Amino acid sequence: MRSPAIAIAWEFGQRVRLGMMVLFVYMLVVGTIMLVRFKMGQPVSLGDVGKMVALVVGPVAMTFMYFLGVFSFGFASDLAARESTYPARMFTLPVTTRALAGWPMFYGASAMTVLFLAGEFFLRWEPAGILGRFVVREWGFDGPLMIWPPLLAAVFLAWTQALTWMAYGWRGLRVIVTVLCLISLDASVFVATQYKIPDLVLVAFLLPQLPLAYLAACFAISRARRGDVPDWRGMPARLSRISDVFRRQRDHFPSAARAQMWFEWRQHGRSLPVWVAILLPFELALLFLARDEPEAMTFFTVFGVLLTPPLMAGFVAATVSRSNTSGRDAYGVPPFTATRPLTSAALIAAKLKVTLLSTLATWLLVLVALLLGLALSGTLSVVIQRVNEGIEFFGRSRTVVSMLLGLLALMASTWKRLVHSLFLDLSGREWLIKSSVLLALSLLVIIWPIGRWIHDDRNVLTALLNALPLVLAVLVCVKMSAAAWIATRLYDGRLVSDRTLVTGVAAWLVAVLALFGLFTWFWSTPHVAHYFLLLIAILEIPLARLSAAPLALAWNRHR
Amino acid sequence: MRVFGKDPVADPVADPVAVLSRIGYLSEENDLPGWMNVAGLIRYSRAFYPAWDDAYAEELRQAFALDPAARIRSLSKGQKARAGLLIALAYRPELLVLDEPSSGLDPIVRRDILGAVLRTIAHEGRTVLFSSHLLEEVEQVADHVTMISQGRIVLSAPLSTIKESHRVDGRVPSLDEIFVAHVGTAAAPEPGT
Chain A
1 MRSPAIAIAW EFGQRVRLGM MVLFVYMLVV GTIMLVRFKM GQPVSLGDVG KMVALVVGPV
61 AMTFMYFLGV FSFGFASDLA ARESTYPARM FTLPVTTRAL AGWPMFYGAS AMTVLFLAGE
121 FFLRWEPAGI LGRFVVREWG FDGPLMIWPP LLAAVFLAWT QALTWMAYGW RGLRVIVTVL
181 CLISLDASVF VATQYKIPDL VLVAFLLPQL PLAYLAACFA ISRARRGDVP DWRGMPARLS
241 RISDVFRRQR DHFPSAARAQ MWFEWRQHGR SLPVWVAILL PFELALLFLA RDEPEAMTFF
301 TVFGVLLTPP LMAGFVAATV SRSNTSGRDA YGVPPFTATR PLTSAALIAA KLKVTLLSTL
361 ATWLLVLVAL LLGLALSGTL SVVIQRVNEG IEFFGRSRTV VSMLLGLLAL MASTWKRLVH
421 SLFLDLSGRE WLIKSSVLLA LSLLVIIWPI GRWIHDDRNV LTALLNALPL VLAVLVCVKM
481 SAAAWIATRL YDGRLVSDRT LVTGVAAWLV AVLALFGLFT WFWSTPHVAH YFLLLIAILE
541 IPLARLSAAP LALAWNRHR
Chain B
560 MRVFGKDPVA DPVADPVAVL SRIGYLSEEN DLPGWMNVAG LIRYSRAFYP AWDDAYAEEL
620 RQAFALDPAA RIRSLSKGQK ARAGLLIALA YRPELLVLDE PSSGLDPIVR RDILGAVLRT
680 IAHEGRTVLF SSHLLEEVEQ VADHVTMISQ GRIVLSAPLS TIKESHRVDG RVPSLDEIFV
740 AHVGTAAAPE PGT
């Protein structure tokens with residue numbers, strides 16, 4: 001290799017060749033099957049939305065996510081760290097910063113363009129003759145290839161690279177900034193397509209973003225090369241030092257469990273309340289703008305505020321499973337925690353209690369801030385009026401209980417999102433964690449076309465609704481089987497005591513029955529079978545994933 | 560393998576007090592929580608060990624010159640090692656495990672660590688399991704030496720036995736020389752040879 005460009009290309013080639021081969025072989029196999037079925041008189045047409053999603057959109061979306069990770073070096077780095085995710089080993093190479101930024105961006109953009117063009121070609125292809133032909137599709141592919149989807153993918157990747165290569169002052173800030181920016185980009189294009197903005201306008205909007213992202217990436221890498229990492233952690237520490245003056249000498253912890261709770265609270269317990277507190281003023285400001293607007297704006301803002309904690313919990317969840325954010329091994333349990341004379345179950349219990357406290361603190365903050373915001377903006381009367389209308393229509397008790405249940409459901413959802421991935425994150429297996437993230441992201445991408453397909457096709461919707469109880473029953477069987485297996489492993493490994501196992505199962509049963517009781521009271525109608533409500537109650541109350549957390553931690557602790 | 564008559568993998572999980580509370584461990588990695596201060600680290604660690612000795616912990620803190628209000632992240636590498644050693648010693652563990660404790664440290668900190676090892680062995684008759692690449696330090700404190708190369712034990716015997724068995728012409732070689740003799744050189748041959 002005689003040039004840095006070829007060397008960098010070679011490195012990326014090594015990383016993506018397996019994914020590219022898999023995709024190429026997949027398309028070859030699908031195309032061959034379509035040709036063979038055409039010859040047999042049973043053609044498979046990609047004009048059908050479902051087949052399009054399953055055969056083309058899904059694999060392309062997964063490859064898109066894979067490329068995002070590879071070309072931004074995301075798979076090999078700690079995305080939540082403050083430092084740049086650009087590999088530090090490349091900073092000492094005799095290569096300009098512009099080249100370090102430019103070549104990965106160029107190769108990534110090229111790969112994305114080829115991927116999306118290949119997808120477009122495949123969507124327009126139909127078996128005919130010997131090798132097939134390109135056709136017009138009913139749902140809009142009625143002309144030359146669209147330029148903006150591959151351009152959007154390239155811009156998406158470019159901004160992902162620029163934002164992930166940037167250093168940040170707080171841990172975890174990279175994920176939030178990157179996701180918000182990418183969502184904004186996506187939303188802009190989505191709105192443009194809904195309003196049928198001409199393709200040329202979209203191209204004019206997207207194309208200048210490539211050089212902008214490149215400049216941002218150059219800035220990020222030049223800072224990282226100097227070792228320049230902003231540190232905003234001192235800000236809350238300086239505030240806490242003021243309170244240290246007034247703080248009396250702390251007593252000793254009454255127990256190891258209490259000490260571990262304190263440790264977990266200081267590690268991550270404040271993350272969710274802090275992040276929500278940062279977002280709340282911006283959201284509540286909309287109430288002041290909504291004073292003179294239709295009521296919909298007020299309720300839109302209120303719902304947005306109420307959905308903020310569960311949404312942010314999804315981002316904060318990764319910090320919950322980290323025992324020590326400064327450990328070299330981002331997935332393993334650091335020796336400081338692994339050598340604590342506490343059972344794995346006790347370590348998990350401390351995390352769960354702290355996440356509960358964190359959730360309660362967050363919701364207290366949200367409710368107080370929301371009430372203040374509504375009162376000061378003068379929009380509280382709008383909300384009260386709607387509540388009174390609800391009371392008149394549904395009755396006082398049902399309305400009040402519905403509101404309380406709704407609030408409880410949001411709080412429970414917040415806590416669940418904080419802890420639902422503990423069993424994965426605590427396993428310490430990088431392949432498991434990254435695979436689950438890739439799968440979740442891929443599902444997010446294809447959920448919209450699948451949802452649209454179900455919504456548009458009455459037959460599919462009817463079939464799905466008819467099969468729903470069976471689907472739920474199967475899910476319940478899977479959940480209970482998993483829970484039984486986990487309980488056996490916990491018992492055999494003496495990870496939890498008999499008493500804890502029995503208490504846990506009893507508590508879960510009580511929660512399920514309580515939820516089932518609420519459901520039957522709320523939906524006392526012959527149109528909804530009670531067994532259906534019971535299945536939903538069983539699936540809603542967490543069991544298997546929470547129970548697996550001590551198992552995952554023990555597996556990680558002793559490898 | 561058994562530690563205190565128990566399985567060190569299964570039993571620390573199921574019965575941590577019986578095993579882990581009797582082991583003091585100083586990690587090669589610097590994994591003390593950076594956000595804690597020294598006083599908080601002592602207060603937190605104390606809660607896990609019934610045998611924690613407050614007076615001894617304070618004595619060690621003063622001997623190591625650790626400011627109680629100092630954050631762990633603001634400490635130097637040597638000071639972090641001392642903080643880790645403090646919480647490993649303060650409850651007088653029956654078994655002290657030191658994983659490359661002197662790696663990358665200046666001579667003064669290395670002296671503190673070796674001093675702690677000697678005190679633990681001499682004064683309290685406890686066991687210290689000490690891994691190191693600095694064989695001259697091992698020679699100063701070890702009773703029994705095990706040499707490992709590429710995951711295999713190449714030599715394991717009391718230090719005095721090793722020295723005697725490798726005496727040549729009245730001269731006792733150093734542990735470094737003995738190790739090289741057993742493991743051989745890993746260097747590639749010079750070009751042209």
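In order, the protein sequences belong to chains A and B.
All residue numbers for the first sequence refer to my numbering, where the first residue is 1 and numbers rise by one.
All residue numbers for the second sequence refer to my numbering, where the first residue is 560 and numbers rise by one.
All residues carry an ideal CB built from backbone N, CA and C; glycine is no exception.
Just so it is clear, the structure is predicted and the values come from calculations on it, not from any experiment.
Chain E residues whose Cβ lies nearer than 8 Å to that of residue i
| i | result |
| --- | --- |
| Ser255(A) | No chain E is part of this structure, whose protein chains are labelled A and B. |
Closest residue to residue i among the options (Cα-Cα distance)
| i | options | result |
| --- | --- | --- |
| Leu625(B) | Ser604(B), Trp611(B), Leu600(B), Arg605(B) | Leu600(B) |
| Val656(B) | Glu723(B), Ser691(B), Ala716(B), Ala628(B) | Ser691(B) |
| Ala606(B) | Cys181(A), Arg258(A), Gly169(A), Leu534(A) | Arg258(A) |
| Arg651(B) | Leu734(B), Ser633(B), Ile582(B), Ala740(B) | Ile582(B) |
| Leu553(A) | Leu490(A), Arg17(A), Phe253(A) | Leu490(A) |
| Val320(A) | Ala277(A), Arg266(A), Arg458(A), Glu295(A) | Arg266(A) |
| Tyr86(A) | Ala101(A), Val95(A), Pro94(A), Thr96(A) | Ala101(A) |
| Leu68(A) | Thr92(A), Ala109(A), Leu443(A) | Ala109(A) |
| Asp613(B) | Ala649(B), Arg630(B), Glu588(B), Gly710(B) | Ala649(B) |
| Gly304(A) | Leu35(A), Asp228(A), Thr525(A), Leu279(A) | Leu279(A) |
| Pro309(A) | Phe282(A), Leu365(A), Met34(A), Leu289(A) | Leu365(A) |
| Ala118(A) | Val368(A), Met146(A), Arg225(A) | Met146(A) |
| Val668(B) | Phe623(B), Ala740(B), Glu695(B), Ala628(B) | Phe623(B) |
| Arg620(B) | Arg632(B), Asn596(B), Lys565(B) | Asn596(B) |
| Ala338(A) | Thr720(B), Gly564(B), Ser580(B) | Ser580(B) |
| Ile541(A) | Phe282(A), Ala507(A), Thr525(A), Met312(A) | Ala507(A) |
Burial state of residue i (16 or more Cβ within 10 Å)
| i | result |
| --- | --- |
| Val676(B) | buried |
| Met261(A) | buried |
| Phe156(A) | buried |
| Tyr195(A) | exposed |
| Thr301(A) | buried |
| Ala187(A) | exposed |
| Phe106(A) | buried |
| His562(A) | The structure shown does not extend to residue 562(A), since chain A is modelled only from 1 to 559, so the question has no answer here. |
| Lys636(B) | exposed |
| Ser547(A) | buried |
| Glu389(A) | exposed |
| Tyr66(A) | buried |
| Lys351(A) | buried |
| Thr503(A) | exposed |
| Trp275(A) | buried |
| Val114(A) | exposed |
Chain B contact for residue i (CB, 7 Å cutoff)
| i | result |
| --- | --- |
| Ala88(A) | no |
| Phe263(A) | yes |
| Arg340(A) | yes |
| Phe423(A) | no |
| Pro526(A) | no |
| Ala259(A) | yes |
| Pro335(A) | yes |
| Ile6(A) | no |
For residue i: DSSP bridge partner residues
| i | result |
| --- | --- |
| Thr705(B) | Ser715(B) |
| Tyr584(B) | Val656(B) |
| Val727(B) | Arg730(B) |
| Asn596(B) | Arg630(B) |
| Ser690(B) | Asp658(B) |
| Lys565(B) | Val562(B) |
is_contact[residue i, chain A] using C-beta, thresh 7 Å
| i | result |
| --- | --- |
| Tyr603(B) | yes |
| Leu619(B) | no |
| Gly564(B) | no |
| Ser580(B) | yes |
| Phe738(B) | no |
> Any residues in the region 584–600 of chain B with a beta carbon nearer than 7 Å to a beta carbon of chain A? Which ones, in chain order?
Replying inline: Tyr584, Ser586, Glu588, Asp590, Leu591, Pro592, Gly593, Trp594
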